[in-house]
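J.: Once you've had a glance at the structure underneath, I'll fire off some questions.
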Amino acid sequence: MMDDWKVSAYRDPANGQGVWVYYENPNFPAIHMSRCVDNATRDHMATNDRTAYYYGNNQPPTFNNAAVPMPTRITLEAAWRDYFTVM
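Residue 1048 in our numbering sits at position 28 of the sequence shown, with consecutive numbering throughout.
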């Protein structure tokens, strides 16, 4: 649920302008949510090794790479849904 996602202490060295905010959830330890403060279409769920990205705001939702393994796809999609679940 959204309440489980907390702002991460991670600071991207390439994020000099501070346009990204990163969130972590202990239920998805290998995944983080990246929110772009000025363009929500760039928001994505990603693996912490930054090899797989899921852009859930795109219509239709997309991955950064057609070769993302199915288990990773399923986990990224589940994390995206979890982030936007409010109780």
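The beta carbon of each residue, even a glycine, is placed where N, CA and C say it ideally should be.
Run through DSSP, which three-state label would ARG1093 get?
T.: Here residue 1093 is taken as the residue at index 73 of the sequence shown, counted from 1. In this structure, ARG1093 counts as helix in the three-state DSSP scheme.
J.: Does ALA1066 come out as helix, strand or coil in the three-state DSSP assignment?
T.: To locate residue 1066, count along the sequence shown from 1; it is residue 46. Strand.
J.: What separation, rounded to the nearest whole angstrom, lies between the Cα atoms of ARG1062 and ASN1078?
T.: As a first step, residue 1062 must be located in the sequence shown, where it is residue number 42. As a first step, residue 1078 must be located in the sequence shown, where it is residue number 58. So the alpha carbons of these two residues sit roughly 9 Å apart.
J.: Is TYR1103 helix, strand or coil when you go by DSSP?
T.: As a position in the sequence shown, residue 1103 is number 83, starting the count at 1. Helix, per DSSP.
J.: Counting Cβ pairs, one atom from each stretch, are 3 or more of them under 8 Å apart for the segment 1095 to 1103 and the segment 1043 to 1063?
T.: With a cut-off of 8 Å, the segment 1043 to 1063 and the segment 1095 to 1103 count as touching, because enough Cβ pairs lie within range.
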